[in-house]
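Each residue of the sequence shown is one higher than the last, beginning at 1 in this note's numbering.
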Amino acid sequence: MFLDGRLTALLQWQNIDLGIMNESNRQRTTTSGPAFFTTTNYIYETDVLMLNLGFNLNKLTRKLKLPGSEFGEKEF
Numbered sequence: 001m002f003l004d005g006r007l008t009a010l011l012q013w014q015n016i017d018l019g020i021m022n023e024s025n026r027q028r029t030t031t032s033g034p035a036f037f038t039t040t041n042y043i044y045e046t047d048v049l050m051l052n053l054g055f056n057l058n059k060l061t062r063k064l065k066l067p068g069s070e071f072g073e074k075e076f
């Protein structure tokens, strides 16, 4: 095959609520004192889709040799 396992794709979906739950990703901060009152509403991004594509130009043709453990092969 042409790609031969070199292409990787990652799809990440953050803050999944689809706009169904109105209270998700919202925060209200209220501060008051003797002479003042303030409130702030923070609304974060509701849905973020990220697509990451990677392509490895140098394919490894040999098996990697990892360092051995001081406890032997069957450590756990």
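Idealized CB from N, CA, C, for every residue including glycine.
(request) Per DSSP, which residues does residue 35 bridge with? Please list them. (result) In the sequence shown, residue 35 corresponds to position 35, counting from 1. BP columns for residue 35 are empty, so no partner.
(message) Are the CB atoms of residue 9 and residue 57 within a distance shorter than 8 Å?
(response) The residue labelled residue 57 in the question sits at position 57 within the sequence shown. The residue labelled residue 9 in the question sits at position 9 within the sequence shown. Contact flag unset, no.
(message) For residue 11, which residues in the same chain have their Cβ closer than 6 Å to its Cβ, ignoring the five residues on either side in sequence?
(response) Within the sequence shown, residue 11 is the residue found at index 11, counting from 1. Within the same chain, residue 11 has close Cβ partners 51.
(message) Excluding the 5 residues flanking residue 6 on each side, which residues of the same chain have their C-beta closer than 8 Å to its C-beta?
(response) What you label residue 6 is simply residue 6 of the sequence shown in a count that begins at 1. Excluding positions up to five away in sequence, the list reads 55, 56, 57, 59.
(message) Judging by CA-CA distance, which residue of 42, 14, 38 is the nearest neighbour of residue 26?
(response) Sequence index remark: in the sequence shown, residue 26 carries index 26 (1-based). Among 42, 14, 38, the Cα nearest to that of residue 26 is on 42.
(request) Find out if the Cβ-Cβ distance for the pair residue 49, residue 13 is shorter than 8 Å. (result) Within the sequence shown, numbered from 1, the residue matching residue 49 stands at position 49. Within the sequence shown, numbered from 1, the residue matching residue 13 stands at position 13. Cβ distance < 8 Å, so residue 49 and residue 13 count as in contact.
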